[in-house]
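So the protein sequences, as listed, match chains V and W. Offset between the first sequence (1-based) and my numbering: plus 141. Offset between the second sequence (1-based) and my numbering: plus 13.
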Amino acid sequence: MSGPILALERVTMQFGGLKAVADLDLTIGEGDLVGLIGPNGAGKTTVFNVITGVYAPTAGELRLLGRSIRGLRPHAIAHRGVSRTFQNIRLFGSRCCRDNISIAAHQHAAATLLDAVVRNRRFERDERALREQADRLLEFFGLSAWSDTIAGELPYGQQRRLEIARALAGRPRLLLLDEPAAGLNPQESDALMHLIVEIRRQFQVTILLIEHDMRVVMGICERIAVLDYGVKIAEGTPDQIRTDPKVIEAYLGEEVHADLGAGG
Amino acid sequence: MRQLLWMVVVLAVLAAANTVLPRLINPYVAQVVLLCGINVILAVSLNLVNGFTGQFSIGHAGFMALGAYGSAMFSLHVGIRWVAALQAVGAPAPLAEGVALLIALVVGGLLAALAGYLVGLPSLRLRGDYLAIVTLGFGEIIRVLILNVDAVGAARGLPGIPTWVDFFWVGLGVVAVILLARHVAGSTHGRALFAIRDDEVAAEALGVDTTYYKVLAFVLGAFFAGIAGGLFAHFLSYLNPNSFTFLKSIEVIAMVVLGGMGSISGSVLAAIVLTLMPEVLRPVKDYRMVIYSLMLVVLMITRPGGLLGSREISLAWLMKRLRPARERA
């Protein structure tokens with residue numbers, strides 16, 4: 142493990158009078174699998190939105206591989222190797238699965254608009270490479286049968302998988318998964334846990350995930366950060382988090398409390 | 014190599030049509046066919062913006078007006094002299110006029126493209142209805158400007174534009190815009206446009222520079238609207254600001270929506286249908302526009318996704334449709 146791939150230094154995100162994220166320090170090492178948890182409205186997705194450039198933080202610094210990415214537009218951050226999925230699936234609903242993946246590999250296409258219009262050799266080579274990469278990803282995710290299916294018509298579970306496949310198409314170094322297990326049944330979340338571990342191994346990607354399903358988070362994450370009202374209240378191994386009194390208090394009254402105690 | 018061959022074939026077919034068609038059909042029909050072609054260019058170019066990229070623009074008549082007046086002014090002040098000079102050194106008339114027309118069209122197209130760039134910029138911040146209002150305002154500004162600038166004829170209109178446009182040039186414009194749209198659609202750049210239409214937030218997060226592509230769509234769409242305007246000017250020989258009211262924009266939108274958002278062949282088909290319909294309905298006189306509007310309403314109710322939805326008519330698609338029919342027979 143080398144230096145940190147992502148470092149958040151005292152990052153604050155304020156919307157009017159609301160501090161959605163306050164003085165957040167978070168460091169993620171290359172190859173880590175880190176979980177970000179917290180009660181509803183704790184600011185987890187806001188953290189993702191700050192990392193991916195949807196919001197520029199009100200204060201603080203963000204470094205990707207040592208270089209500041211603060212204030213960059215989302216596509217520029219994506220080009221530097223950060224990719225994500227969304228809490229409420231956001232596929233390109235009118236395109237087929239293969240196109241969904243090819244779009245995300247857009248940055249690696251060398252053919253210019255002119256190449257595309259005259260259909261020269263560079264364009265042909267590009268298209269072939271994009272297609273092959275898309276087909277490989279679809280196969281890895283068990284979606285080969287749906288290659289030409291319109292993404293919006295896929296069953297829910299497959300849509301979730303396609304979104305992760307799409308996030309990998311840009312060959313990211315850091316993958317942000319926003320509640321990948323949401324809406325999945327226990328068998329499906331089991332499969333997802335294996336998948337996430339396998340993704341990290343195969344694609345050599347660092348993963349930060351937001352998840353409400355404690356079984357998933359506790360099962361695969363090596364390190365967990367807990368957010369409550371925008372403040373990081375704990376960080377540590379699953380075992381440390383499980384017994385942390387502050388975490389238990391934050392979750393008190395929520396169903397998850399029982400899961401925290403019972404897990405492992 | 015194959016592309017070169019195709020280009021030669023297309024040019025030959027167009028040239029042949031250009032010599033044969035005027036002898037076969039009367040001038041009225043010829044005029045309707047040319048208008049069909051110009052409207053196809055308008056519809057396909059607007060489809061790049063509205064259909065592909067999902068940016069609702071209702072200022073297409075403004076771009077067309079810029080192209081029409083820009084190219085007409087160029088021809089009147091520069092082109093005519095060049096044609097005379099070329100003919101003086103022995104160039105045949107069609108060649109000299111063709112060169113002058115081509116340059117005039119590009120000038121008009123570039124002028125419209127520049128305007129498309131300027132209008133595309135606010136589209137970065139505005140969405141849906143708000144963008145529609147901005148583009149509507151743009152179209153009206155262009156019209157009112159023309160109406161008040163004496164150098165381009167103001168309300169009197171601009172007469173005496175050389176009539177250099179024939180089947181060949183309109184056909185070439187149609188082929189060019191369809192080819193461009195098809196090739197863009199099948200490339201990574203076209204997929205980026207579709208991604209913006211489907212989900213702008215996701216497109217941006219996955220590395221698509223949405224700013225660049227939204228402006229690009231406007232520039233390309235405006236360029237070809239300008240070309241259509243230039244063809245229109247050099248075909249009618251007279252321009253009037255009233256040809257470019259926002260009703261013209263609405264007409265083109267109707268073609269795009271009726272054909273199916275994002276479907277190139279749909280736009281082509283709808284542009285032809287909507288140009289022919291008022292002509293075919295001429296015998297019913299006063300009820301013409303009533304029936305025209307009723308047909309639009311009925312079509313939209315029965316086919317809300319447009320005539321072709323998002324499908325494209327291609328050779329492969331036609332074969333697939335025809336084969337079962339043959340087997341049944």
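Glycine is no exception: its CB is placed at the ideal position from the N, C-alpha and C atoms.
Asked: Own chain partners of R301(W) with C-beta closer than 8 Å, once the 5 adjacent residues on each side are dropped; Found: P291, L294 and R295
Asked: Which residues DSSP lists as bridging T351(V), in chain order; Found: The sequence shown places Ile at residue 351(V), rather than the Thr named in the question. L177(V) and D319(V).
Asked: Neighbour flag for H216(V) against chain W, beta carbons, 7 Å; Found: yes
Asked: Short CB-CB distance (under 7 Å) between A342(W) and chain V; Found: Confidence is the limiting factor: at A342(W) the pLDDT is only 48, short of 50, which leaves the residue's position unreliable and the question unanswerable from this model.
Asked: Rounded separation between A251(V) and P40(W) - CA only; Found: 49 Å
Asked: Residues, ordered as in the chain, of the region 269-288 of chain V that lie near chain W by beta-carbon distance below 9 Å; Found: L271
Asked: Candidates G242(W), V165(W) and H202(W): closest to H90(W) by CA position; Found: V165(W)
Asked: Three CB pairs or more closer than 8 Å across the region 121-135 of chain W and the region 196-216 of chain W; Found: no
Asked: Beta bridge counterpart(s) of T168(V) as assigned by DSSP; Found: A148(V)
Asked: Simplified DSSP assignment, three categories, for M142(V); Found: Because M142(V) sits at a pLDDT of 45, beneath the cut-off of 50, its placement in the model cannot be relied upon, and the following sentence gives the value as read from the coordinates. Looking at M142(V) - three-state DSSP - the assignment turns out to be coil, as it is neither helix nor strand.
Asked: Buried versus exposed call for S256(W) [16 or more other C-beta atoms within 10 Å across all chains shown]; Found: buried
Asked: Cβ separation of T378(V) and R364(V), assumed to be a contact under 8 Å, to the nearest whole Å; Found: 6 Å
Asked: Near-chain V residues of the region 211-245 of chain W - C-beta to any C-beta below 8 Å; Found: D211, D212, V214, A215, A216, E217, A218, L219, G220, V221, D222, T223, T224 and L229
Asked: Where T66(W) meets chain V, residues with beta-carbon distance less than 8 Å; Found: Within chain V, no residue comes near T66(W); the closest Cβ sits about 13 Å away, beyond 8 Å.
Asked: Reduced DSSP secondary structure (H/G/I, E/B, other) of T201(W); Found: helix
Asked: Near-chain W residues of the region 187-203 of chain V - C-beta to any C-beta below 9 Å; Found: T193, G194 and V195
Asked: For T148(W) and G404(V), the rounded distance between their alpha carbons; Found: Residue placement at G404(V) is poorly supported in this model, since its pLDDT is 42, which falls under 50; the coordinates still yield a value, given next. About 58 Å.
Asked: Closest residue to K185(V) among T290(V), D385(V) and A366(V) (Cα-Cα distance); Found: A366(V)
Asked: Chain W contacts made by the region 226-242 of chain V, where a contact means CB separation under 8 Å; Found: F227, R231, L232, F233, G234, S235, R236 and D240
Asked: Terminal residues of the alpha helix (DSSP H) in which G343(W) lies; Found: Residue 343(W) cannot be examined here, being either before or after the span of chain W that is shown, 14 to 342.
Asked: Per-residue burial, P130(V) [other beta carbons within 10 Å of its own, 16 or more giving buried]; Found: The structure shown does not extend to residue 130(V), since chain V is modelled only from 142 to 405, so the question has no answer here.
Asked: For F156(V), the residue or residues it bridges with in DSSP; Found: L159(V)
Asked: Alpha carbon of L229(W) to alpha carbon of I146(W), nearest angstrom; Found: 20 Å
Asked: Spatially closest choice to G199(W) from R236(V), K160(V), L147(V) and V195(V), by CA coordinates; Found: R236(V)
Asked: Beta carbon proximity, A164(W) to chain V, threshold 7 Å; Found: no
Asked: Which of helix, strand or coil DSSP assigns to A403(V); Found: For A403(V), the pLDDT reaches just 46, beneath the cut-off of 50, and the residue's location in the model is therefore unreliable, leaving the point undetermined.
Asked: Residue from A310(V), G194(V) and N181(V) whose Cα sits closest to the Cα of A391(V); Found: N181(V)
Asked: Below-7 Å beta-carbon distance, Q248(V) vs any chain W residue; Found: yes
Asked: Where D267(V) meets chain W, residues with beta-carbon distance less than 9 Å; Found: S200 and T201
Asked: Sequence-distant residues of the same chain with beta carbon closer than 8 Å to A342(W), five excluded per side; Found: Only weak support is given to the placement of A342(W): the predicted model assigns it a pLDDT of 48, under 50, and the value that follows is read from those uncertain coordinates. Correct list: empty, nothing qualifies.
Asked: Candidates T168(V), R277(V), E273(V) and R151(V): closest to G201(V) by CA position; Found: R151(V)
Asked: Exposure label - W19(W); buried when at least 16 CB within 10 Å; Found: exposed
Asked: Buried versus exposed call for Y297(V) [16 or more other C-beta atoms within 10 Å across all chains shown]; Found: exposed
Asked: Between the CA atoms of G122(W) and A238(W) - distance to the nearest angstrom; Found: 7 Å
Asked: H90(W) at chain V interface by Cβ criterion, 7 Å; Found: no
Asked: Endpoints, beta strand (DSSP E) assigned at G377(V); Found: V372 to G377
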